[in-house]
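Keeping their order, the protein sequence lines are chains A and B.
First residue of the first sequence: 294, per the numbering used here; consecutive thereafter.
First residue of the second sequence: 227, per the numbering used here; consecutive thereafter.
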Amino acid sequence: MRRVAFSATLALLVGLAGILVGASLGVKAATPLKLLETLTAAGPTPETLVLEWRLQRVVGAFLVGACLALAGVIYQGAFRNPLAEPFLLGSSAGGALGAALAILLPSIWLSGAELPVLAFIGAWGATLLVLGISRAAGIRDAAGMLLVGIALSTLLAATRSTTTLVLSDDNVSLRAIISWTLGGLQSPTGATLLVFALLTGTCFLASFSLARGLDLLGFGESTAATMGIEVGRFLTLSLTVAAFATGLAVAWGGVLGFVGLVVPHAVRWWIGERHAPLLFHSFFVGGGMLAALDGVSRSVLAPSEIPLGLITSLIGAPFFLLLLVRRYR
Amino acid sequence: MIKVENLRVEQLRSVLIDDVSLSLRRGEVVGLLGPNGAGKSTLMRTMVGLRQPTEGSVSIDGKPVSAYSARERARLLSHVAQKQDFLWDLEVADIIALGAASPLQSARTIERLGLSEFASRRIKSLSGGEQARVMIGRALAAGTPFLFADEPAASLDIKQQRAMMRILRREAREKGTGVLVVLHELNLAFASVDRILLMNRGRLVQDASTIEVAQSCEIDNVFGESFARVSIDGQTLVFPTGS
């Protein structure tokens with residue numbers, strides 16, 4: 294118990310440290326003390342405005358990373374596949390297609406709301422398609438299911454590109470969508486950030502109701518069923534929560550590969566494979582990692598930015614290869 | 227009581243279980259015996275609700291097994307499968323706790339099964355026999371009135387096989403658990419169960435007391451072996467003579 298409390302505190306600190314690092318880095322590096330001054334400053338100056346903008350963006354990055362890590366843990370458990378994650382399963386691509394449509398099509402309902410909603414629908418639809426195709430084809434193994442995900446991912450990305458070319462009439466939406474594809478973080482402000490945080494918090498809390506079921510599914514569907522899990526219903530619920538988290542992440546962070554893979558695996562090496570602590574730790578470590586990487590993306594080539602998706606792929610793809618090598622050796 | 231009535235289970239066109247009727251009462255240890263492919267595992271999986279009967283019914287305390295929710299069923303029966311997946315490398319204590327009705331129950335089970343020395347080890351680092359004991363422990367910790375174990379003794383050494391059967395018997399005597407256990411070792415079954423169900427080709431060939439089954443010639447027919455019988459201290463032992 295004490296061990297868990299200790300590592301949980303450490304995870305929280307990692308998350309916080311990530312935000313601090315992310316907020317400190319940038320065109321003008323700032324010390325954590327400076328950040329604190331900004332937050333408590335009376336009147337806005339150009340300098341504090343920059344830092345405030347940066348802080349909001351970094352908190353946004355934290356939420357995106359936390360959502361992706363959460364989705365990764367749930368997908369891995371629900372698909373019984375340690376290599377599953379939102380990017381490789383095609384749910385990020387589905388979310389991105391939804392987001393692209395939201396940008397391209399004339400605003401139909403509440404302005405702003407259609408983007409996250411369509412991103413969620415895209416992520417969820419893609420997940421169900423992968424599950425459905427795999428079931429129909431009798432594919433049960435990790436590798437086969439990932440191939441379905443990759444094929445679907447490619448198809449969805451191509452559909453998105455085609456739709457973008459056909460529908461975009463000005464350079465603005467084209468640019469917006471391309472930056473999305475590369476993992477361009479949005480900078481949510483004020484109320485939007487609050488909504489984003491609340492939705493992410495809901496996902497975080499909901500994921501804990503899945504923890505026992507995800508543990509039990511590791512014994513196989515039959516054993517899980519005799520131990521009290523209504524497997525079909527549980528999988529639907531899990532994939533909904535995971536797709537919701539993916540949709541949120543895509544809506545605010547674009548397509549970011551491998552965060553959902555790297556973080557849960559690193560956390561497993563750290564604290565073991567039980568899902569309740571795994572979900573908790575992954576949430577904060579994932580958030581902290583992406584917040585820090587956002588700082589890196591803004592400072593390496595300052596004043597221009599490296600798209601965050603490139604950085605996560607540069608780190609994540611070799612990690613994925615490492616996992617594959619370990620698995621097949 | 228669990229009651230199986232005129233059960234028939236088909237898969238594609240082949241008949242896996244053919245007109246089987248039986249009952250399992252609380253407090254008794256029943257051995258399910260038969261050659262490979264006789265339908266023992268299928269019968270067990272149907273009894274715990276993992277498979278749907280094609281015809282006939284399985285009921286627990288008068289209510290069809292399919293009418294219970296998964297959660298209600300998990301409070302009534304435990305099932306230890308023949309082969310167990312371990313996707314997650316959990317600690318033994320955590321696995322027992324996942325099945326346990328309470329933390330106290332979980333601690334008691336670990337002690338009673340002599341698992342204390344493994345409690346903080348990861349499941350994948352254990353031998354097959356040790357893993358089998360952990361999975362029985364997980365089922366016992368649930369404290370359900372019925373327990374189904376599919377070849378729990380298969381990967382155990384002789385001493386552990388006896389110990390496993392002693393634990394199941396004690397569970398039946400002290401807590402009134404109804405136990406159905408698939409066994410391959412005939413003499414182990416004769417030494418440790420109250421009643422035997424003998425299956426062959428999907429049919430229930432014999433449902434009788436242990437001593438009756440040990441002495442009748444049905445086992446010779448079913449296994450296609452002729453057995454020599456020896457009686458020691460009132461207990462019958464059988465040996466295949468190879469003809």
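Backbone N, C-alpha and C fix where the C-beta goes; we use that ideal spot for every residue, glycine too.
B:Gln441 is the residue among B:Gly450, B:Phe449, B:Gln441, B:Met273 whose C-alpha sits nearest the C-alpha of Thr462 of chain B. Per DSSP, Arg427 of chain B has no beta-bridge partner at all. In the DSSP assignment, Asp587 of chain A falls within the alpha helix (DSSP H) that extends over 568-592.
As summarised for the segment 335-416 of chain A, the continuous alpha helix (DSSP H) elements at least 4 residues long and confined to that stretch are 339-371, 384-397, given in chain order. In terms of Cβ geometry, Ala536 of chain A and Ala393 of chain A do not form a close pair [threshold 8 Å].
Within its own chain, no residue has a Cβ closer than 6 Å to the Cβ of Gly460 of chain B once the five positions on either side in sequence are excluded.
Residue pairing by DSSP places Ile322 of chain B opposite no residue, since no beta bridge is assigned to it.
Annotation: Ser267 of chain B has no Cβ neighbours in chain A at a cutoff of 9 Å; minimum Cβ distance is about 11 Å. Sequence-distant partners of Leu390 of chain A (beyond 5 residues in either direction) whose C-beta falls short of 7 Å from its own C-beta, in its chain, are Gly415, Leu449, Thr452, Arg453. For Glu231 of chain B, the enclosing beta strand (DSSP E) begins and ends at 228-237.
Contact between Gly425 of chain A and Ala300 of chain B is absent: CB atoms are separated by about 28 Å, not below the 8 Å threshold. Distance from the CA of Ile564 of chain A to the CA of Gly579 of chain A, rounded to the nearest whole angstrom, comes to 15 Å.
Comparing alpha-carbon positions, the option among A:Thr338, A:Ser300, A:Leu382 lying closest to Gly553 of chain A turns out to be A:Leu382. In the three-state reduction of the DSSP assignment, His558 of chain A falls in the helix class. Judged by beta-carbon spacing, Leu394 of chain B lies beyond the 8 Å limit of Gly363 of chain B, meaning their Cβ atoms are not closer than that value. Linking Ala310 of chain A to Gly257 of chain B through their CA atoms gives a straight-line distance of about 60 Å.
When the beta-carbon positions are compared, Leu259 of chain B and Gly404 of chain B stay at least 8 Å from each other.
Beta-bridge partners of Ser283 of chain B (DSSP): B:Glu231. Under DSSP, Ala454 of chain B forms a beta bridge with B:Phe465.
For Ala429 of chain A, the closest Cβ of chain B is not nearer than 8 Å.
Secondary structure of Ala450 of chain A (DSSP, three-state): helix.
With a cutoff of 8 Å on beta-carbon distance, Val543 of chain A and Gly358 of chain A are scored as not near each other. For Lys289 of chain B, the beta-bridge partners assigned by DSSP are B:Ile286.
Against Asp315 of chain B, the close residues of chain A are Gly565, Glu566, in the order they occur along the chain (beta-carbon pairs closer than 8 Å). Closer than 8 Å to the CB of Arg620 of chain A there is not a single CB belonging to chain B.
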